[in-house]
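Those sequence lines, one after another, are chains A and B. All residue numbers for the first sequence refer to my numbering, where the first residue is 1 and numbers rise by one. All residue numbers for the second sequence refer to my numbering, where the first residue is 1 and numbers rise by one. Have a look at the structure below before the remarks.
Protein chains: 2
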Amino acid sequence: MTIDNLGIGGKRYKEAKHALLAALAAQEWKGGEAIPSERRLAERFGISIGTVRKAIDELVAENILVRHQGLGTFVAHHQRDRHFFRFFRVVGVGGDKRYPTVELLSFEQAKASASVARLLGIEANATVYQFSNSLALEGEVVMIDRIIVAEPRFRGLTEDALRERPSTLYNFYQDVFHVYVTGIEERLRATIADHTLAALLDVSAGAPLLEIQRVAYSYQQVPVEVRISSVNTAKHEYLGASTLTTPSYDRGVP
Amino acid sequence: MTIDNLGIGGKRYKEAKHALLAALAAQEWKGGEAIPSERRLAERFGISIGTVRKAIDELVAENILVRHQGLGTFVAHHQRDRHFFRFFRVVGVGGDKRYPTVELLSFEQAKASASVARLLGIEANATVYQFSNSLALEGEVVMIDRIIVAEPRFRGLTEDALRERPSTLYNFYQDVFHVYVTGIEERLRATIADHTLAALLDVSAGAPLLEIQRVAYSYQQVPVEVRISSVNTAKHEYLGASTLTTPSYDRGVP
DNA sequence: AAGTGGTCTAGACCACTAC
DNA sequence: TAGTGGTCTAGACCACTTA
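What follows is the structure, given as structure tokens:
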């Protein structure tokens with residue numbers, strides 16, 4: 001398998017990158033597994049190591065691959081909450097990051113509304129799973145999540161499986177359904193607590209809440225989850241993904 | 001000037017990168033100017049072109065330098081609002097990005113509060129300039145900014161200069177004070193409109209508002225501005241900097 | 001035509017990990 | 001010791017811009 005179809009774009013490292021992405025999407029290697037060495041990939045693609053490295057560089061920058069010097073290059077996966085705070089951005093006003101305690105509130109099968117279907121890239125009225133979580137920090141419930149996923153991709157999802165999952169939700173997606181969340185897009189608004197949310201969050205009806213609409217994507221920007229979160233920001237804040245781009249290791253932090 | 005002090009870290013491209021950053025901070029080249037060609041930098045630093053490219057690669061990824069094939073490599077600057085939406089993240093609920101109409105509401109000299117001083121890295125009670133803007137989209141005021149900057153860095157800032165600036169605020173910082181904003185950090189909360197904000201935003205007192213606390217940074221993470229924004233999210237949303245990292249040009253968008 | 005950045009090569013040597 | 005990724009070199013050739 002060489003890469004000589006340099007028709008459009010004609011950049012070998014882009015071709016190699018997309019070949020790797022396609023192989024990942026086809027589960028040629030699963031989360032946590034090593035991909036072939038740079039030398040082997042260079043032979044396989046019929047290009048030089050430097051070009052393979054450039055392709056891998058981009059995939060590493062996108063958190064899709066992970067390199068370990070002396071060991072190999074691995075398919076990134078959500079493990080032991082290492083990347084947890086990349087997607088969980090609610091912190092204490094002081095800035096302290098804590099892991100939330102999650103409780104499943106509801107679980108049901110339903111039909112996708114038009115807007116959800118559009119976001120998930122499925123037909124309106126297609127079957128979806130829909131469930132709700134409450135998240136507590138330091139013993140206080142600060143956030144309610146309403147989550148919707150397409151049934152075909154998560155076929156066989158049950159309330160018990162969700163309730164008994166040993167790790168984070170995205171870890172669960174990955175281990176059970178081989179759905180690896182690579183990125184999210186979020187839109188934020190200020191809203192007012194209705195009676196349901198007020199009761200769940202222990203605030204008075206009419207209290208201001210931060211509402212976050214999230215779409216989570218997997219390889220090649222395939223949408224896999226829609227989520228609407230309501231946050232009580234009395235004692236917590238949403239940490240905007242900073243535009244501070246200088247990597248921390250440049251500032252002496254290992 | 002060669003780079004042979006490979007004491008700590010010992011990576012030539014990191015040394016080159018920091019040498020470039022130091023030269024930028026010292027204004028060896030100003031915003032929009034070209035830096036020397038890769039070949040010249042390689043000679044100057046006594047390293048190979050490939051290594052210079054790796055240093056520049058990182059600075060380009062951090063929006064500090066901009067490459068133009070056939071032309072040269074330039075010091076990034078805010079020009080003609082090209083990077084405007086990197087820092088202005090309020091969009092219509094449909095997702096349409098519009099440029100706001102800005103109006104200066106107030107301007108004064110004041111003493112830094114303890115919290116502002118901490119964020120700006122200055123002494124409490126140090127002199128600061130403090131001003132306020134209203135931002136309108138499609139004719140409606142949707143956002144009020146309260147902005148604080150340290151006096152020494154912006155010495156001589158006047159109300160008239162602010163009011164008559166021809167372009168964006170960060171453009172103005174750069175052209176007049178040689179302060180180039182490279183990144184921001186934001187924290188978001190849901191609040192309630194007080195009477196002042198309610199009047200300015202044309203909502204009823206008690207309406208929910210999105211409050212954004214921003215710290216803007218220049219080269220080497222020096223804080224240069226603190227800003228508190230209040231947004232009426234009835235018809236607009238805050239676009240969270242997405243964790244979607246695949247560059248758009250990989251998806252066929254030029 | 002001359003100069004620039006963009007891509008690609010075919011190595012070398014080093015640092016790290018596992019056995 | 002063998003294999004991996006990490007850094008670096010010294011070019012080649014291409015695409016692009018300006019003159």
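We put the CB at the ideal spot given by N, CA and C, even for glycine. Note that the structure is a prediction, hence the values are computed from the model and not measured.
What span of residues does the beta strand (DSSP E) with residue i cover, start to end?
| i | result |
| --- | --- |
| A/G92 | V90 to G92 |
| B/R187 | G183 to I192 |
| B/H195 | Counting along the chain, B/H195 falls outside any beta strand (DSSP E), though it belongs to the alpha helix (DSSP H) covering H195 to L201. |
| A/G72 | G72 to V75 |
| A/H18 | Per DSSP, A/H18 belongs to no beta strand (DSSP E); it is in the alpha helix (DSSP H), R12 to A25. |
| B/A216 | P208 to S218 |
| B/R67 | L65 to H68 |
| B/R146 | E140 to A150 |
| B/G240 | H236 to G240 |
Short of 6 angstroms in beta carbon distance, which residues of its chain neighbour residue i, apart from the five on each side in sequence? Order them along the chain.
| i | result |
| --- | --- |
| A/E185 | V215 |
| B/Q213 | R187 and I228 |
| B/A108 | Position check: residue 108 of chain B holds Glu in this sequence, whereas Ala was assumed. Excluding positions up to five away in sequence, the list reads Q130. |
| B/I8 | Here B/I8 scores only 36 on pLDDT, less than 50, and its place in the model is too uncertain to base an answer on. |
| A/F74 | A34 and V66 |
| A/Y13 | T51, K54 and A55 |
| A/I47 | R12 |
| B/D250 | In this prediction, B/D250 has a pLDDT of 47, which is less than 50 and means its spatial position is unreliable; what the coordinates show is noted afterwards. Cβ neighbours of B/D250 beyond the five flanking positions: none. |
| A/S230 | I144, L197, L209 and E211 |
| B/R98 | L137 |
From which residue to which residue does the alpha helix (DSSP H) around residue i run?
| i | result |
| --- | --- |
| B/E225 | Careful: B/E225 lies outside any alpha helix (DSSP H), inside the beta strand (DSSP E) at V222 to V231. |
| A/A258 | Chain A is shown from 1 up to 254; residue 258 of chain A falls before or after that span and cannot be answered. |
| A/V281 | In the structure as shown, chain A begins at 1 and stops at 254. Residue 281 of chain A is therefore absent and cannot be evaluated. |
| A/L162 | E159 to R163 |
| B/Y170 | L169 to F177 |
| A/G50 | I49 to A61 |
| B/E43 | E38 to F45 |
| B/F84 | F84 to F87 |
Please list the partners that residue i has in chain A, where partner means a Cβ-to-Cβ separation under 7 angstroms.
| i | result |
| --- | --- |
| B/I192 | P208 |
| B/T233 | R189 and A190 |
| B/V239 | Per the sequence shown, residue 239 of chain B should be read as Leu rather than Val. By Cβ distance, chain A contributes R187. |
How would you list, in chain order, the residues of chain B whose beta-carbon sits under 8 angstroms from the beta-carbon of residue i?
| i | result |
| --- | --- |
| A/Y13 | Those do not exist, as A/Y13 stays about 11 angstroms from chain B at its closest Cβ, beyond 8 angstroms. |
Shortest alpha-carbon distance to residue i belongs to which of the options?
| i | options | result |
| --- | --- | --- |
| A/D96 | A/F85, A/L105 and A/T127 | A/F85 |
| B/L200 | B/E123, B/V142, B/I192 and B/L59 | B/V142 |
| A/Y180 | A/E15, A/A25, A/K11 and A/L20 | A/A25 |
| B/R67 | B/I47, B/A114, B/V149 and B/E38 | B/E38 |
| A/N63 | A/V93, A/E103, A/Q220 and A/E28 | A/Q220 |
| B/L71 | B/P36, B/L120, B/S167 and B/E164 | B/P36 |
| B/G240 | B/D160, B/F88, B/S106 and B/E103 | B/F88 |
| B/G156 | B/P166, B/S167 and B/V176 | B/V176 |
| A/R102 | A/D145, A/A114, A/I49 and A/Q69 | For the record, residue 102 of chain A in the displayed sequence is Val; it is not Arg. Nearest option by C-alpha distance: A/D145. |
| B/Q27 | B/V224, B/G206, B/P166 and B/Q174 | B/Q174 |
| A/H83 | A/A193, A/W29 and A/T182 | A/T182 |
| A/H178 | A/T127, A/P152, A/E159 and A/D160 | A/P152 |
| A/N232 | A/Q69, A/L137, A/A117 and A/A161 | A/L137 |
| A/F45 | A/A110, A/Q69, A/A19 and A/W29 | A/A19 |
| A/P100 | A/A205, A/K30 and A/T168 | A/T168 |
Given residue i, which residues of its chain have a CB within under 7 angstroms of its CB, disregarding the five upstream and five downstream residues?
| i | result |
| --- | --- |
| B/A190 | P208 and L210 |
| A/K17 | A55, E58 and L59 |
| A/I122 | A112 and A150 |
| A/L105 | S132, N133 and S134 |
| A/P254 | At A/P254 the pLDDT is 33, less than 50, meaning the model places this residue with poor confidence; the figure from the coordinates comes in the next sentence. Within the same chain, A/P254 has no close Cβ partners at all. |
| A/R163 | L104 |
| B/F172 | R165 |
| B/A114 | A124 |
Write down the C-beta distance between residue i and residue j rounded to the nearest angstrom, noting that I regard them as a contact closer than 8 angstroms.
| i | j | result |
| --- | --- | --- |
| A/V52 | A/A42 | 5 angstroms |
| A/Y170 | A/F154 | Their Cβ separation, rounded to whole angstroms, is 13 angstroms, which puts A/Y170 and A/F154 out of contact at 8 angstroms. |
| A/V222 | A/I148 | Contact doesn't hold; Cβ gap of about 15 angstroms is too wide. |
| A/H77 | A/G32 | 5 angstroms |
| A/H195 | A/V93 | Contact doesn't hold; Cβ gap of about 26 angstroms is too wide. |
| B/Y238 | B/V90 | 6 angstroms |
| A/A117 | A/A110 | In fact, because the Cβ distance is near 12 angstroms, the residues do not count as touching under 8 angstroms. |
Among residues of its own chain, excluding the 5 on either side of residue i, which ones have a beta-carbon nearer than 8 angstroms to its beta-carbon?
| i | result |
| --- | --- |
| A/K11 | none |
| B/L21 | L59, I64, Y219 and Q220 |
| B/L119 | V215, P223 and V226 |
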